[in-house]
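Okay, so here's the structure we're looking at.
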Amino acid sequence: MQIGFINFSQEELARKNKVLQMVRDQTAIDELGFGRIRDAFANMMFPGMSTLQRRAKYFAVMPSLYYQATKKHYNSVRDVRAQIVKWEIRLTDMLVNGAGNDENKKTGITGRSMLTAAKNDPSKFVKYDPTYIYMNGLRTFGMIKGDIDIYHLIFDRSKQVYQQKTKYKASEEGEMSDSEDKSGLIQFIAPCEEVYDFDNGTMLPLELTKKEADYIKGHIVNSIKSMDSMLAYILRNNVAVFPEYDSLGRIWHDMPEDFSEYMKQYRMGQRFSHLAYVVQLRFNHIMAMFDKQKDEADKLQARIEEVLEQYPSDFTCQAIDDMLLYIHSRVTEHTVITFCNESVKLIEKRDWKQLDKLIVSREKAVKPGRNKLRNPKYKGEERGWPSMLSFRWNEIVYQVINEIKEAK
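Letter by letter, the sequence shown follows residues 149 to 556 in our numbering.
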């Protein structure tokens with residue numbers, strides 16, 4: 149697959165390059181099926197987070213958008229979706245205006261690239277809209293309850309509101325009455341107490357207000373699906389954080405005893421990251437040799453040796469077996485477990501020839517008919533170097549934590 153972009157500003161180009169690198173990294177790790185274990189660790193440590201997410205603001209705003217949508221009348225679920233998209237476009241415009249001239253801030257706004265077109269034709273709004281990107285997190289953190297499709301939920305609740313007697317509706321001041329609470333609205337959608345105008349609003353800062361930050365934090369630390377996670381612990385205890393995931397081990401070396409299990413999660417994740425990184429480097433080495441790029445292959449192998457020397461204790465059969473046993477219950481596809489075990493055995497023996505055979509075989513099993521290794525169809529394909537895994541930390545987790553901490 150080739151991806152191209154027309155002429156953009158330098159800031160926009162930098163953002164596109166970052167997206168392209170994320171796509172390459174995602175492709176590289178999924179060619180060998182490592183994504184199952186990566187996601188298992190990410191979901192354990194940082195539930196509700198996704199690499200598609202960019203800003204914490206949406207976790208505060210979207211529940212209110214859905215809640216306000218229940219107050220309107222609809223003839224069909226399609227009408228509900230049209231209303232939500234209309235307000236998402238308005239929200240995008242408000243956030244863009246709130247970011248002012250700061251292009252860095254604007255990169256975190258979902259759908260801004262299609263905003264002008266979408267204002268004239270809502271069908272041209274982005275496919276991966278805020279609802280698609282943030283819904284799993286909203287459910288994980290208990291802001292949206294239940295598994296019913298959000299558009300059907302709003303449609304059903306809207307019918308309830310319009311069928312209720314006047315005494316069961318909200319008071320003129322906009323406060324929720326006890327009777328309305330019993331109608332099920334608040335049971336399924338828990339809106340932030342901040343006030344938003346999705347019909348006529350013109351500007352909304354991306355920075356969190358204190359009320360929004362407390363709302364998001366409160367849901368993360370109290371939701372049954374996230375309350376026992378590393379993410380919740382960090383927020384609950386105001387743990388020091390750093391933008392780069394690889395550096396966290398150094399700043400967390402002297403944590404309290406009740407953090408020990410989270411530290412184990414971090415270290416086991418790092419162990420897997422190191423293994424996946426070396427195997428991906430060797431994947432690239434195979435491609436380089438097939439393309440007769442000896443210098444590139446030598447650089448890749450030199451990097452492999454550096455990693456093995458830097459983290460020797462992570463590349464033993466026992467170490468990887470311990471890591472896999474730790475995460476095993478969260479991984480439903482078990483051939484990747486076998487692949488990891490077989491890989492470390494060969495790495496420990498420095499049997500690169502057999503490791504190459506194993507990698508080639510694994511890719512064929514994961515991508516039947518679309519394998520790249522030793523395939524003339526992909527000869528000469530440009531390929532970036534892999535990177536260590538951050539389990540969504542570098543992409544979104546640090547951003548959300550930092551925005552919550554900095555809220556005023």
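A virtual CB, placed ideally from N, CA and C, is assigned to each residue, including glycine.
None of the values given here were measured: they were computed from a predicted structure.
CA-to-CA distance, residue j to residue i, given in whole angstroms
i, j, result
"residue 212", "residue 202", "19 Å"
"residue 424", "residue 223", "51 Å"
"residue 529", "residue 451", "21 Å"
"residue 521", "residue 394", "30 Å"
"residue 403", "residue 421", "22 Å"
"residue 548", "residue 351", "21 Å"
"residue 499", "residue 465", "14 Å"
"residue 178", "residue 218", "40 Å"
"residue 449", "residue 433", "7 Å"
"residue 210", "residue 285", "11 Å"
"residue 447", "residue 401", "32 Å"
"residue 485", "residue 369", "32 Å"
"residue 296", "residue 372", "18 Å"
"residue 475", "residue 291", "28 Å"
"residue 363", "residue 259", "24 Å"
"residue 496", "residue 343", "59 Å"
"residue 511", "residue 245", "46 Å"
"residue 524", "residue 518", "12 Å"
"residue 361", "residue 382", "14 Å"
"residue 266", "residue 204", "23 Å"
"residue 441", "residue 455", "22 Å"
"residue 487", "residue 341", "49 Å"
"residue 462", "residue 257", "39 Å"
"residue 335", "residue 459", "49 Å"
"residue 509", "residue 457", "27 Å"
"residue 515", "residue 186", "18 Å"
Bridge-paired residues (DSSP) for residue i
i, result
"residue 292", "337"
Identity of the residue in the options nearest residue i by Cα
i, options, result
"residue 309", "368, 220, 196 and 543", "220"
"residue 543", "198, 458 and 471", "198"
"residue 492", "426, 238 and 382", "426"
"residue 559", "410, 305 and 508", "No statement about residue 559 is possible, as the shown extent of the chain runs from 149 to 556 and does not include it."
"residue 303", "228, 384 and 245", "228"
"residue 560", "264, 293 and 299", "Within the shown structure, residues of the chain are numbered from 149 to 556, placing residue 560 beyond reach of any answer."
"residue 225", "301, 311 and 440", "301"
"residue 412", "457, 377 and 488", "377"
"residue 550", "535, 365, 504 and 431", "365"
"residue 268", "531, 453 and 241", "241"
"residue 535", "428, 256, 188 and 263", "428"
"residue 531", "473, 467 and 436", "436"
"residue 188", "414, 494, 262 and 405", "414"
"residue 349", "276, 261 and 243", "243"
"residue 533", "264, 445, 262 and 275", "445"
Other residues of its chain near residue i: CB distance less than 6 Å, five sequence neighbours each side excluded
i, result
"residue 194", "379, 540 and 545"
"residue 480", "none"
"residue 182", "424"
"residue 233", "270 and 273"
"residue 215", "337 and 339"
"residue 471", "416, 419 and 420"
"residue 538", "393"
"residue 307", "none"
"residue 248", "none"
"residue 431", "507"
"residue 315", "With a pLDDT of only 47 at residue 315, under 50, the local geometry of the prediction cannot be trusted, and the value read off the model is given with reservation. The answer is none, since no qualifying residue turns up."
"residue 367", "289, 290 and 291"
"residue 184", "479, 481 and 484"
CB-CB length for residue i against residue j, believed under 8 Å
i, j, result
"residue 390", "residue 399", "6 Å"
"residue 278", "residue 206", "5 Å"
"residue 555", "residue 358", "5 Å"
"residue 356", "residue 552", "7 Å"
Contacts around residue i, its chain only, beta-carbon distance under 7 Å, and the 5 residues preceding and following it disregarded
i, result
"residue 438", "522 and 527"
"residue 490", "506"
"residue 253", "247 and 354"
"residue 282", "201, 206, 207 and 210"
"residue 503", "430, 491, 494 and 495"
"residue 384", "369"
"residue 467", "419 and 461"
Contacts around residue i, its chain only, beta-carbon distance under 8 Å, and the 5 residues preceding and following it disregarded
i, result
"residue 346", "213, 216, 235, 238 and 239"
"residue 191", "478"
"residue 483", "181 and 513"
"residue 288", "195, 196, 371, 373 and 374"
"residue 276", "200 and 258"
"residue 293", "287, 335, 336, 337 and 338"
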